[in-house]
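Residue numbers (mature numbering (1 follows the signal peptide of the UniProt record, and there is no 0)): -22 to -1, 1 to 219.
By construction, the Cβ of each residue, glycine as well, lies at the ideal position given by its N, Cα and C atoms.
No experiment lies behind these values; they were computed from the predicted model shown.
One structure below.
Here is the structure:
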């Protein structure tokens, strides 16, 4: 069950991780990743979709997730995933943003075929860019994001204000930590949290993230390298840099 929840954490936390870190209702934060018409709560089993673009430095990847929520008390479970990628990454089109957006459009056409038409308007699409775009000038990075956003807005899918953006490196580290600890079956709730640290070696950036065991470590760590958040009724204060 834990690993089946992982895509929820990845695909949805990419789009609104800052919301997770500050949500007042720590047990139900996951529902706010979906608009009300995307996450109905009165059916015995609901099937819905999410489209996630990972715009990395070496390539752009699309994940088309199919989720099933069997009851309002449970997190949605992964039923299926379609994955595809293209190279090079968006940053290679810094001087040709229209061509960069075209690579995204080709991938998005796969989602049009995969998602039932009656769910198009209820299916969120999100693109998060990482170090490749962070290394570009603000002007060139924003030009690429603008072209991608136009592609999204011309599609039949659900586009929100923050559907297209550059993700902070610290968030990358946090998500990698969540991913590895879920996949390895670590104890992430309660008082006895047994976790592992992560070292994410990306194409253009590296993040190290771990849960410090001793209070002295926290006191000696620069504040910019610490992130505190709530998840599954537990508090985490991670070192990530």
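Handout entry: Among 126, 149, 148 and 104, the one whose alpha carbon lies nearest that of residue 141
Key = Taking the chain shown and counting its residues from 1, the one referred to as residue 141 is at position 163. The option with the nearest alpha carbon to residue 141 is 104.
Practice task
Please name the residue, chosen from 43, 68 and 55, that lies closest to residue 35 on a Cα-to-Cα basis.
Solution key: Numbered from its first residue, the chain shown carries residue 35 at position 57. Nearest C-alpha to residue 35: 68.
Exercise for the section: Tell whether a beta-carbon distance below 7 Å holds between residue 59 and residue 88. Expected result: By one-based count along the chain shown, residue 59 stands at place 81. By one-based count along the chain shown, residue 88 stands at place 110. Their beta carbons are not under 7 Å apart, which means residue 59 does not touch residue 88 by this criterion.
Practice task
Using the Cα positions of residue 188 and residue 173, report the straight-line distance between them to the nearest angstrom.
Solution key: To locate residue 188, count along the chain shown from 1; it is residue 210. To locate residue 173, count along the chain shown from 1; it is residue 195. So the alpha carbons of these two residues sit roughly 8 Å apart.
Practice task
Counting only the same chain and skipping the five closest in sequence on each side, list residues whose C-beta sits under 6 Å from that of residue 19.
Solution key: For the purposes of this step, residue 19 is taken as residue 41 along the chain shown, with counting starting at 1. Residue confidence for residue 19 is low, a pLDDT of 37 falling below 50, so the modelled location carries little weight and cannot support an answer.
Practice task
Would you check if the stretch 93 to 102 and the stretch 69 to 82 touch, i.e. whether three or more CB-CB distances between them fall below 8 Å?
Solution key: Flag = no, the stretch 69 to 82 and the stretch 93 to 102 do not touch.
Problem - Helix, strand or coil at residue 18 according to DSSP, with G and I counted as helix - result: Indexing the chain shown from 1 puts residue 18 at position 40. Per-residue confidence for residue 18 stands at a pLDDT of 42, beneath the threshold of 50, marking its modelled position as unreliable; no derived number is given.
Practice task
Can you say whether residue 209 is buried or exposed, counting buried as having 16 or more other CB atoms within 10 angstroms of its CB?
Solution key: The sequence position of residue 209 within the chain shown is 231, counting from 1. So residue 209 counts as buried.
Practice task
On the DSSP bridge assignment, give the partners of residue 26 in chain order.
Solution key: Counted from its first residue, the chain shown places residue 26 at position 48. Residue pairing for residue 26: DSSP places it in a beta bridge opposite 45.
Problem - For residue 58, three-class secondary structure by DSSP - result: The sequence position of residue 58 within the chain shown is 80, counting from 1. Look at residue 58 here: in three-state DSSP terms it is strand.
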